[in-house]
Each structure stands twice: as C-alpha cells, then as structure tokens.
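Following the working numbering, the numbering of the sequence shown begins with 2 at its first residue and continues without gaps. Below is one structure, written out as structure tokens; the observations come after it.
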Amino acid sequence: MSEKNLDAFVLLVEERANSESCHYISGFRGSSAALIISMDEEILITDGRYKTQSKNQSPFEIIIQSEFSLPEYIAKAVKDSDFKRIGFEAEKISHAEFEKYFAPVKVEWIDASELILKLRRTKDFYEISRIKEAAKIAREAYGNVLKKVHEGMSEIEFEIKLMEEIKLSGAEKGWAHDDFIVASGTRSAMCHAPATLKKFELGETVTVDYGAMVEGYMCDITRNFAIGRADKKALEINEVLLKAHREAVKILRPGISGREVDAEARRVISDAGYGKNFLHGLGHGLGLEVHEAPRLSRSSEDILQAGDVVTIEPGIYIEGWGGLRIEDDYLITEDGAECLTLNDNQSLEII
C-alpha cells in the first residue's frame, strides 16, 4: 500500500468468490465478506450467519450488518472516510458492480489486483507444513484405496472411497471446488475427465488426479495404475513421463523461467515421439487454490523464486488409446527444489 501510495485497500467476497485471499489476509473463511484495510485499521464486514465464526477466525475489527449489499457497504464506508486513493481488485469485481457502486464515489480507484496474489505466491513455513500434511494424508489414503481396487470397480466408486479415506484421515476435503479425476481405459486420453460409472477392465490403465486440503492449503498429485496387467505402450509411455518429470525437476531453481522448465520436459517427450500428445503446460502454482501463480508452460513469463510451490505434471494423451500423467508438488528453495509429495511411487502400479 505504501509503494502504491494507497490510503486504503478493499477486498470483496461474494458467494465464496475470492474467499482464498480473504482467508489469507484476515483468517476468515466464510462465503460472504468485505475487507477495508488502511494504515490504521483492519475491518471485516460480514452478516449474521458468521457472527461467531468471524470472531473466532479473524483478529480484525468485525462489523456485522445486513442493511446493505457488500459492494454498497464498501462504497458507503469509503464515501464517509477521508480516503483519496483506494486500492481494489479489478479482476475480482464485475464491471456492473464497479459502475453501480464504486464509480459514483469521487475518489481515485487504483487497480491493485496483484498485491495479494504476490503476497500469496511466496509460501512461509506454516503454509508449507500444511501442504506437506495434506500430501501425507492424500498419499496414504490413495495407498489404502489401491488395496481395495478390483476389476469391475467403477471410477466413481474409487473416487468416493478415496475421498472418504482422505476426510477420515483428518483433511477438510479434497480440492476446494473440483472433484477428482479418475479416468480409465480410453477415457484417460481426456486430461480432465471426471469419474463416471464406467467399470475398470482387465488390462486398462487408470489415471487418478487427486489431493487433500488442510487448513485451506491443498496438494495436487497424479498417479496411474493398471488392472491385472499393463500393455507395452503404457509401460513405454510411463518411462517417458518419468524421465520428463525428473529432467524438469533437475533444473528447478530460483531465477529460471516457467517456460524453460516446461521446455525441458517437452524436449524429452518430443524426442520419444510423443510431442504432439503433450496437450497442456507442465505445471502451475499451488496453495490456497489448486491453480495459482506461477505458471510453467510454453507461454509463461513467470520467473521462479524461492518460496514458490509448483506442480510438475507431464502427460501423454492418445485419442482412442488413453493417457498417463505423473504429478508431484515442489517447493522452490534458495538453491533448487524440495518435493512436498514424496515422489517415491511414481511408477505405473499393477493392481
């Protein structure tokens, strides 16, 4: 705020949209809130549903109100203040809301969308410990469910059992807003295939993209297994992906670009003849959201820095046959990277 010469910064949460940044700044995790932060005070505005929760979660001054909508309350509070330059998140507030509530207030509205995202990008010890705990729970839950897999089990049955194990092990949930990806046989050629009633068949490979949440922080892991046996192509592709994953991890460090790391994995996959079958970027940032800055892709302009947590997830997808992906989460350290998800079971497992 000092760097941008702001008198105050405002943040809006409506129906959970932008709740992650509110949680990060104030501790409050409800679905409806507004923050007004100046050099002298921090105010959290919410409604009666969250009277007790807000006091338990946040050290901010709490205002419980139901007379105004949240954008209207922000506008009124700014109008009644001496503030001249107000930072807000243009990326999080609709044009209609801005024109109706903010624009009529005669102050200078400054787009400060990047402020909290920059703060959230660098993870501290507490945040890293939560991601590690989420990964421990997720990995153990996955291992337990693998012991129950059999021919004829449906994708949805697997997903339900995995989520049950994760929650019974102490996680809040899987991911915040998405179901897990459980894709068997030819369906695994779809990068984001949701689980269906399709049953696992002998010889099929199954791709599972899953995670867990602990105190708002998530992990993101992808593993593959085969039912009874794996065909030659699946074993070949798995080896290519293992090499691509490991070569990319070798160059993870502060100062390297997301584009360079993506290119290293893409080179391995292309050299193996599957370049056209790697359909997405190599990875993304991770924390309170399952996809956040920085990005690792061919178009990324992000430069990795110590404190980033990123996924490495090369994949190969062949329409009509299927696909595999291997994903783990890494903390960028001062001199390299640390795996937060213990990448010791990346190989294709035969069930």
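Where is the CB? At the ideal position from N, CA and C, for every residue including glycine.
Take residue 242, set aside five residues on each side of it, and the residues of its chain with a beta-carbon closer than 8 angstroms to its own are 270, 315, 316, 317, 325, 326, 327, in chain order. In its chain, beyond the 5 residues on either side, 86, 87, 88, 111, 113 have a beta carbon closer than 8 angstroms to the beta carbon of residue 7. At the C-beta level, residue 341 and residue 136 come within 9 angstroms of one another.
If one requires a minimum length of 4 residues, the alpha helix (DSSP H) runs lying completely within the stretch 85 to 127 are 115 to 122, in chain order. Under the Cβ criterion (8 angstroms, minimum of three pairs), the stretch 218 to 236 counts as touching the stretch 196 to 208.
Residue 253 is not a Cβ neighbour of residue 169, given a cutoff of 9 angstroms. Within the DSSP bridge table, the entry for residue 184 names 208 as partners.
Around the beta carbon of residue 201, 16 or more other beta carbons sit within 10 angstroms, so the residue counts as buried. For residue 272, the secondary structure class from DSSP, reduced to helix, strand or coil, is helix.
Closest option to residue 299, judged by alpha-carbon separation, among 279, 289, 43: 279. Annotation for residue 318: the continuous beta strand (DSSP E) segment containing it runs 316 to 319. The Cβ-Cβ distance between residue 172 and residue 213 falls below 9 angstroms. Along the length of the stretch 250 to 301, whole alpha helix (DSSP H) runs at least 4 residues long occupy 259 to 272, reported in chain order. In the DSSP assignment, residue 197 falls outside any beta strand (DSSP E), carrying neither H nor E. Closest in alpha carbon position to residue 133, among 101, 153, 346, 222, is 222. Put simply, the backbone Cα of residue 184 is about 36 angstroms away from that of residue 95.
In the assembly as shown, residue 193 is an exposed residue. Its beta-carbon has fewer than 16 other beta-carbons within 10 Å. Residue pairing by DSSP places residue 30 in no beta bridge whatsoever.
When C-beta atoms of the stretch 48 to 62 are compared with those of the stretch 27 to 34, three or more pairs fall below 8 angstroms, so the two segments count as touching. Its chain contains 307 as the residues whose beta carbon lies nearer than 6 angstroms to that of residue 335, once the 5 sequence neighbours on both sides are disregarded; these appear in chain order.
For residue 131, the secondary structure class from DSSP, reduced to helix, strand or coil, is helix.
The criterion of a C-beta distance shorter than 9 angstroms is not satisfied by residue 166 and residue 196. By the neighbour-count criterion, in which a residue is buried when 16 or more other Cβ atoms sit within 10 angstroms of its Cβ, residue 272 is exposed. Residue 67 sits in coil when the DSSP states are folded into three classes, being neither helix nor strand.
In the DSSP assignment, residue 47 falls outside any alpha helix (DSSP H) and within the unbroken beta strand (DSSP E) covering 43 to 47.
Classified as exposed, residue 151 has fewer than 16 neighbouring CB atoms from the shown chains inside 10 Å of its CB.
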